[in-house]
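The structure under discussion appears below in the form of structure tokens.
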Amino acid sequence: MNPYVLAILLSSLGLGTTLTFASSHWLLAWMGLKYTTLAIIPLMAQHHHPRAVEATTKYFLTQATAAAMIMFASTTNAWITGEWDMNNMSSPVASTMIITALALKIGLAPMHFWMPEVLQGLDLLTGLILSTWQKLAPFALIIQTAQAVDPALLTALGITSTLVGGWGGLNQTQLRKILAYSSIAHMGWMIIILQYAPQLTLVALGAYIFMTSAAFLTLKTSAATKINTLSMIWSKSPILTTTTALVLLSLGGLPPLTGFMPKWLILQELAKQNLPITATIMALAALLSLYFYLRLCYAMTLTISPNTTNSITPWRTQTTQSSLPLTLSTTIALGLLPMTPAILMLAT
Numbered sequence: 002m003n004p005y006v007l008a009i010l011l012s013s014l015g016l017g018t019t020l021t022f023a024s025s026h027w028l029l030a031w032m033g034l035k036y037t038t039l040a041i042i043p044l045m046a047q048h049h050h051p052r053a054v055e056a057t058t059k060y061f062l063t064q065a066t067a068a069a070m071i072m073f074a075s076t077t078n079a080w081i082t083g084e085w086d087m088n089n090m091s092s093p094v095a096s097t098m099i100i101t102a103l104a105l106k107i108g109l110a111p112m113h114f115w116m117p118e119v120l121q122g123l124d125l126l127t128g129l130i131l132s133t134w135q136k137l138a139p140f141a142l143i144i145q146t147a148q149a150v151d152p153a154l155l156t157a158l159g160i161t162s163t164l165v166g167g168w169g170g171l172n173q174t175q176l177r178k179i180l181a182y183s184s185i186a187h188m189g190w191m192i193i194i195l196q197y198a199p200q201l202t203l204v205a206l207g208a209y210i211f212m213t214s215a216a217f218l219t220l221k222t223s224a225a226t227k228i229n230t231l232s233m234i235w236s237k238s239p240i241l242t243t244t245t246a247l248v249l250l251s252l253g254g255l256p257p258l259t260g261f262m263p264k265w266l267i268l269q270e271l272a273k274q275n276l277p278i279t280a281t282i283m284a285l286a287a288l289l290s291l292y293f294y295l296r297l298c299y300a301m302t303l304t305i306s307p308n309t310t311n312s313i314t315p316w317r318t319q320t321t322q323s324s325l326p327l328t329l330s331t332t333i334a335l336g337l338l339p340m341t342p343a344i345l346m347l348a349t
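Position in the sequence shown counted from 1, then plus 1, gives you our numbering.
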């Protein structure tokens with residue numbers, strides 16, 4: 002892709018997200034969401050592969066549907082209340098429609114069906130943008146409107162997403178689909194705590210972005226898209242294999258890695274709110290996700306692929322990309338747990 006075109010598209014992505022962040026008016030927020038959708042579509046379809054075009058079409062249709070629902074709901078709310086302000090969501094029908102549309106935008110279950118299919122058709126860097134940056138603008142709107150939404154609906158969305166994200170990833174062999182189901186499960190953790198402690202939602206979102214970035218950049222460096230490709234990385238770059246296994250365990254939420262921090266704080270808050278059954282369901286659902294991360298770690302570190310050769314040629318992975326983003330995201334994805342008190346102070 003032409004670097005000037007790429008710069009324009011990436012700056013449009015940033016502009017759309019910033020516009021949504023800064024707006025308290027539904028029309029401006031809607032414009033920001035449309036900016037981000039339209040800016041990422043050329044990035045998704047840039048390879049002209051049939052799967053990429055199919056993924057782009059699916060993404061456009063789902064995002065356009067969600068945007069139409071948001072416009073309809075905000076117009077309904079403006080009709081009832083007489084203003085377009087986000088903080089005045091007095092109509093329960095409008096607020097339910099908006100949270101449903103935003104759930105469709107970020108891929109919360111049961112509106113998640115597009116997410117694995119779209120991510121599977123994209124290259125890894127575009128998939129990284131879709132899994133991280135594209136979640137920010139809808140999440141900003143969800144956080145602003147969450148107090149007007151029925152708490153039972155948010156709890157149902159959170160539990161369903163965590164369970165679906167765990168179950169869906171169990172039978173997958175494609176790494177991008179596994180990361181898509183991982184994303185769905187993490188979104189469930191963020192939504193479940195939103196009504197009780199919004200700052201923990203931000204902590205979980207930050208941890209998720211760094212861990213997912215580390216996972217995608219690692220797969221990009223090693224050019225791996227399937228589980229059986231992972232089993233051949235150890236002979237080419239053993240250190241990368243070690244850090245990848247740790248990043249995956251961090252995504253699963255094992256101590257003493259960064260991924261344990263949001264899960265621990267969220268379960269603690271749910272227990273404080275006198276919701277032991279919800280906390281138990283969430284903890285058990287996390288075990289489902291942990292299983293497929295352990296499966297990837299097993300394939301990488303405890304199996305010797307029959308396809309490896311002892312010749313000198315494939316010993317080291319050749320890559321032209323900068324290793325600094327991978328190093329930074331991996332370090333943050335592995336070592337932030339001791340910083341938990343400082344992060345909580347910053348979040349509150």
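For each residue, glycine too, the CB sits at the ideal point set by N, CA and C.
Just so it is clear, the structure is predicted and the values come from calculations on it, not from any experiment.
Which residues share a DSSP beta bridge with residue i?
i	result
Gln-175	Lys-227
Asp-86	His-26
DSSP three-state call for residue i: helix, strand or coil?
i	result
Thr-245	helix
Val-150	coil
Met-233	coil
Ser-312	Summary for Ser-312: the model assigns pLDDT 49, below 50, so the residue's position carries little reliability, and this model does not support an answer.
Thr-213	helix
Leu-337	coil
Leu-195	coil
Ile-305	coil
Thr-349	coil
Ser-184	helix
Thr-163	helix
Ser-324	coil
Met-2	coil
Leu-123	coil
Ser-133	The question names Ser, yet the displayed sequence has Thr at residue 133. Note: Thr-133 maps to coil in three-state DSSP.
Ser-238	coil
Can you tell me the Cα-Cα spacing of residue i and residue j, whole angstroms?
i	j	result
Met-90	Val-119	32 angstroms
Asp-151	Ala-68	21 angstroms
Ala-343	Leu-220	31 angstroms
Pro-315	Lys-237	Low confidence applies here, because Pro-315 scores a pLDDT of 48, under 50, leaving its location unreliable and the question unanswered by this model.
Ser-75	Gln-145	14 angstroms
Asn-254	Glu-84	The sequence given here places Gly at residue 254; Asn does not occur at that position. Looking at the two C-alpha atoms, the distance is approximately 43 angstroms.
Thr-202	Thr-349	11 angstroms
Leu-231	Arg-296	11 angstroms
Leu-271	Thr-127	35 angstroms
Asp-124	Pro-277	41 angstroms
Gly-336	Met-72	42 angstroms
Ser-1	Ile-282	Residue numbering for the chain in the displayed model covers 2 to 349; residue 1 lies beyond these limits and cannot be assessed.
Ala-8	Leu-303	42 angstroms
Leu-218	Ser-290	20 angstroms
Thr-341	Pro-51	45 angstroms
Leu-325	Ala-157	40 angstroms
Ala-79	Trp-265	40 angstroms
Tyr-350	Tyr-294	Since the first and last residues shown for the chain are 2 and 349, residue 350 lies out of range.
Ile-228	Tyr-299	10 angstroms
Measure the CB-CB distance between residue i and residue j and report whether it falls below 8 angstroms.
i	j	result
Ala-398	Ala-46	Here the chain comprises residues numbered 2 to 349, so residue 398 is not present and cannot be evaluated.
Thr-57	Ile-42	yes
Ala-102	Met-70	yes
Ile-333	Thr-259	yes
Ser-24	Gly-15	no
Pro-117	Ala-181	yes
Ala-186	Gly-167	yes
Phe-261	Leu-338	yes
Ile-160	Ile-100	no
Met-212	Gly-108	no
Ser-132	Ser-184	yes
Gln-64	Thr-97	no
Leu-162	Ala-198	Per the sequence shown, residue 162 should be read as Ser rather than Leu. No, the pair does not count as a contact, with Cβ atoms beyond the cut-off.
Ala-147	Leu-195	yes
Tyr-292	Leu-164	no
Leu-20	Leu-28	no
Gln-175	Thr-226	yes
Asp-86	His-48	no
Lys-59	Trp-115	yes
Report yes if the C-beta of residue i is less than 7 angstroms from at least one heavy atom of the ligand MN; otherwise report no.
i	result
Leu-218	Absence of the ligand MN is noted for the structure shown, with no ligands found whatsoever.
Which runs of the alpha helix (DSSP H) fall wholly inside the region 244-281 and span at least 4 residues, in chain order?
261-273
Report the residue ranges of all alpha helix (DSSP H) runs contained in full by the region 36-120; include only those spanning at least 4 residues, in chain order.
51-82, 93-107
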